[in-house]
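*Asks:*
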Amino acid sequence: MAEDESLRLSQIKANLERRALIYDVIRAFFRSEGFLEVETPLLVPTVAPEKYITPFTVNGWFLSTSPEMHMKRLLAAGYGKIFQICHCFRKSERGRLHNPEFTMLEWYRVGADYMQIIQDTERLVLTLANRLRLGTTIRYQGAEIDLVSPWPRITVRQAFLNSAGWDPFNRLDEERFEVDLVEKVIPSFDTSRPTVLMDYPVAMASLARLRPGSLPVAERAEVFIGGLELANAYSELTDAAEQERRFKQEIETLEREGKRGIVMPERFLESLSSLPECGGIALGVDRLVMLFCDASSIDEVVAFPWDAV
Amino acid sequence: MDIAEVSRNTKFLINGVPFAVEDVKFVKPGKGRAMYYLKLRNLFDGTTRDQTYHSSDKVEEVHVSSNEMQYLYKEGDHYVFMDNENFEQHSVPKELLGTRSQFLKEGLVVTVSVMEGKVLEVTLPKFVELAVVKGAASTKSDTITAQLKMVELETGGVLAVPPFVKEGDIVKVDTRTNTYVERVTTKK
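Chains as they are written, first to last, in this note's numbering: chain F, 1 to 309; chain E, 310 to 497.
Shown next as structure tokens:
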């Protein structure tokens, strides 16, 4: 067994070295942009109620599923540009692209919207490619990917009309949405370019701001590179009443399924009244490292994945 | 059992038929429901099928015990094994064993999966050691197998071995691939 482990760890050593370099570049990038690196608690009394994210419980508290609420409390207190690299924990998420304990990079900019945050992401990824001496084209799982910005953008509505043949803004079927997203929409993306999928149905807004209009949309954008769902950006919702209403709905759904214990994040809601307009994003660091190591599985970029802890 | 608890080799029932999970592909859009693309093997007939489940789906757990049994004898088209714990005897049809039946030697201890008294699977040890009872002369005719010749084993099985293996030698056989591994002892 010990022999297997030392072989496994020696095989991924180059990836872990590259991983460390990627962390250096990320930190230097945000420092040069005037961001403050922050740390928020991993052990928390409540998590954002989301029906498809299950937290681990520890003595009645939870391991953090995302640093988002604490980071917004910092923004509400006047911190203007912050970033964090931290571990997040989500129960039962295990697969080629998932480990129940994983690493997230989040950053927030006061005064920005979701598409300005997407521009940050373009610059960050290009900076990484450049610092890793890969130029602007990387090779991932057999495909050449041209990273030059701006990355192609497509609305959720257009992508579904093109690839799945239905309009999720006209009577949304959430279950069908996810199946078609995975089986039809994502596979239709140009493999030689990153793709930004933007403007989600309002029912899938989560913590994003809505843009009213004849076709109201949630200002949410997701970045896909090489088939990997890499990051999820929002123009952040700053309306406490609306946020509370959405959380209430999620808590009711959770309770219907017998999942109790997730209570309203009161302190976060209180802080929302002081939250300025801002944009933010959560980016999966393990997947970013996979992309730059041409790794097909998260197990190739993490020293001790779930089954080897 | 919640679908989230299912992993490779988990066994569960679909309409009363036991299936073993051969592969799980877990897919989850960031904020969305998890999807489990499973490759399943029917434990009654060995066929495989793909099946998709979603988070919070339930599957019917099945109790499959793994028992150590020793091979006793062949009876027509069946092979008879005895449970080493409770001495119960189980008769296993030839089809369930396939080509591995040729490496069954009296007294060999195997692992048998049993569901409600019915044998689902017989797993032989990865390696068995068997005596060569009839060694053919080394042949030079066949170019592909020029390095190998066929010999008969004490169990009646036929195995391709290197030319130096003789009658009376004990050889080690890989039961997963039906192939020769090495010569263990040779008759002086």
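From the three backbone atoms N, C-alpha and C, an ideal C-beta is built for every residue, glycine too.
Note that this is a predicted model, so its numbers are computed, not measured.
So which residues of chain F does E:Phe-335 contact, with C-beta pairs closer than 7 Å?
*Replies:* Within 7 Å Cβ-Cβ: Arg-94, Gly-95 and His-98.
*Asks:* Would you identify the three-state DSSP class for F:Thr-121, choosing helix, strand or coil?
*Replies:* DSSP places F:Thr-121 in helix when its eight states are reduced to three.
*Asks:* Determine, for E:Met-310, whether the minimum Cβ-Cβ distance to residues of chain F falls below 8 Å.
*Replies:* Not an interface residue.
*Asks:* Is the shortest distance between the beta-carbon of F:Glu-252 and the beta-carbons of chain E less than 8 Å?
*Replies:* No, because no Cβ of chain E sits closer than 8 Å to the Cβ of F:Glu-252.
*Asks:* Cβ of E:Lys-340 less than 8 Å from any chain F Cβ?
*Replies:* At least one chain F Cβ lies under 8 Å of E:Lys-340.
*Asks:* Taking C-alpha atoms, which residue in F:Ala-203, F:Thr-40, F:Pro-305 and F:His-70 lies nearest to F:Glu-177?
*Replies:* According to the sequence shown, residue 177 of chain F is Phe rather than Glu. Of F:Ala-203, F:Thr-40, F:Pro-305 and F:His-70, the residue nearest in Cα terms is F:Ala-203.
*Asks:* How should E:Val-442 be labelled, buried or exposed, when 16 other C-beta atoms within 10 angstroms of its C-beta is the threshold for buried?
*Replies:* The residue in question, E:Val-442, is exposed, as its Cβ has fewer than 16 Cβ neighbours within 10 Å.
*Asks:* In the structure shown, what three-state DSSP assignment does E:Leu-322 receive?
*Replies:* Strand.
*Asks:* Looking only at C-alpha atoms, which of F:Thr-40, F:Ala-2, F:Glu-3 and F:Leu-21 sits nearest to F:Cys-293?
*Replies:* Of the listed residues, the one whose Cα sits closest to F:Cys-293 is F:Leu-21.
*Asks:* Given that F:Val-38 touches chain E, what residues does it touch there, using C-beta distances under 7 Å?
*Replies:* Going along chain E, no residue has its Cβ under 7 Å from F:Val-38, so there is no contact; the nearest lies around 22 Å.
*Asks:* On the three-state DSSP scale, how would you describe F:Tyr-52?
*Replies:* Looking at F:Tyr-52 - three-state DSSP - the assignment turns out to be coil, as it is neither helix nor strand.
*Asks:* Any idea which residues DSSP pairs F:Arg-211 with across the strands?
*Replies:* Its beta-bridge partners are F:Val-217.
*Asks:* Go through the stretch 81-162 of chain F residue by residue and report every complete run of the alpha helix (DSSP H) that reaches 4 residues or more, in order.
*Replies:* Entirely contained in the stretch 81-162 of chain F, the alpha helix (DSSP H) runs reaching 4 residues are, in chain order, 114-131.
*Asks:* Which first and last residues belong to the alpha helix (DSSP H) in which F:Leu-7 is found?
*Replies:* Here the alpha helix (DSSP H) through F:Leu-7 covers 2-11.
*Asks:* Please return the same chain residues whose Cβ sits closer than 7 Å to the Cβ of E:Val-431, not counting the five positions on each side in sequence.
*Replies:* Cβ within range, chain order: Val-401, Leu-405, Leu-406, Val-419 and Val-421.
*Asks:* Verify the CB distance criterion: does F:Val-285 have a CB-CB separation below 8 Å to chain E?
*Replies:* Chain E, which has no Cβ nearer than 8 Å to the Cβ of F:Val-285, makes this no.
*Asks:* Is the CB of F:Met-204 under 8 Å away from at least one CB in chain E?
*Replies:* So, interface residue.
*Asks:* Quick check on the DSSP output: the beta strand (DSSP E) that includes F:Met-290 runs from which residue to which?
*Replies:* Per DSSP, F:Met-290 belongs to no beta strand (DSSP E); it is in the alpha helix (DSSP H), 285-293.
*Asks:* So, F:Val-156 versus F:Leu-197, is the Cβ gap smaller than 8 Å?
*Replies:* Contact: yes.
*Asks:* Would you list, in chain order, the members of the stretch 179-199 of chain F that have their beta-carbon closer than 8 Å to a beta-carbon of chain E?
*Replies:* From the stretch 179-199 of chain F, only Val-179, Leu-181 and Val-182 have a Cβ closer than 8 Å to chain E.
*Asks:* Along the chain, which unbroken stretches of the beta strand (DSSP E) at least 3 residues long are found entirely within the stretch 337-422 of chain E?
*Replies:* Whole beta strand (DSSP E) segments, 3+ residues: 344-351, 357-363, 373-384, 387-392 and 398-402.
*Asks:* Examine the Cβ distances between the stretch 7-17 of chain F and the stretch 83-95 of chain F and report whether three or more of them are shorter than 8 Å.
*Replies:* The stretch 7-17 of chain F, when compared against the stretch 83-95 of chain F, does not touch it at the 8 Å Cβ threshold.
*Asks:* Buried or exposed, going by whether 16 or more other CB atoms sit within 10 Å of the CB of E:Asp-332?
*Replies:* Exposed: under 16 other Cβ atoms inside 10 Å.
*Asks:* E:Ala-469 versus chain F: which residues are under 8 Å apart at the beta carbon?
*Replies:* None at all; the shortest Cβ gap to chain F is about 31 Å.
*Asks:* According to DSSP, is F:Asp-299 part of a helix, a strand, or is it coil?
*Replies:* In the structure shown, F:Asp-299 sits in a helix (DSSP, three-state: H, G or I).
*Asks:* Report yes or no: do three or more beta-carbon pairs, one from the stretch 221-233 of chain F and one from the stretch 275-293 of chain F, lie closer than 8 Å?
*Replies:* Yes, since at least three Cβ pairs between the stretch 221-233 of chain F and the stretch 275-293 of chain F fall closer than 8 Å, the two stretches touch.
*Asks:* For F:Arg-219, which residues of its own chain have a beta-carbon under 6 Å away from its beta-carbon, when the five flanking residues on both sides are left out?
*Replies:* Note on residue identity: the sequence assigns Glu, not Arg, to residue 219 of chain F. Counting only Cβ-Cβ distances below 6 Å, and skipping sequence neighbours, we find Tyr-114, Ala-208, Arg-209, Arg-211 and Ser-235.
*Asks:* Below 8 Å on C-beta distance, what does E:Met-391 contact in chain F?
*Replies:* Going along chain F, no residue has its Cβ under 8 Å from E:Met-391, so there is no contact; the nearest lies around 33 Å.
*Asks:* Quick one, are the C-beta atoms of F:Ala-143 and F:Thr-191 less than 8 Å apart?
*Replies:* Against a cut-off of 8 Å, the Cβ pair of F:Thr-191 and F:Ala-143 comes out as a contact.
*Asks:* For F:Ile-262, write down the residues that DSSP places opposite it in a beta bridge.
*Replies:* F:Ile-262 pairs with nothing; no bridge assigned.
*Asks:* Output needed for F:Pro-265: all residues of its chain with C-beta closer than 6 Å, excluding positions within five of it in sequence on either side, in chain order.
*Replies:* Contacts found: Thr-46 and Met-69.
*Asks:* Using a Cβ-Cβ cut-off of 8 Å, state whether E:Ser-365 counts as contacting chain F.
*Replies:* True, the Cβ-Cβ gap to chain F drops below 8 Å.
*Asks:* Does the stretch 131-138 of chain F come close enough to the stretch 318-331 of chain E that 3 or more CB-CB pairs lie under 8 Å?
*Replies:* Verdict: no, contact absent.
*Asks:* Check this for me: beta carbons of F:Cys-88 and F:Thr-65, under 8 Å apart or not?
*Replies:* Result yes, Cβ atoms of F:Cys-88 and F:Thr-65 sit closer than 8 Å.
*Asks:* Would E:Lys-475 and E:Leu-439 qualify as a contact pair, given that the criterion is a beta-carbon distance under 8 Å?
*Replies:* Cβ distance not < 8 Å, so E:Lys-475 and E:Leu-439 don't count as in contact.
*Asks:* Based on the DSSP output, what are the partners of E:Arg-492 in its beta bridges?
*Replies:* Paired residue(s): E:Val-480.
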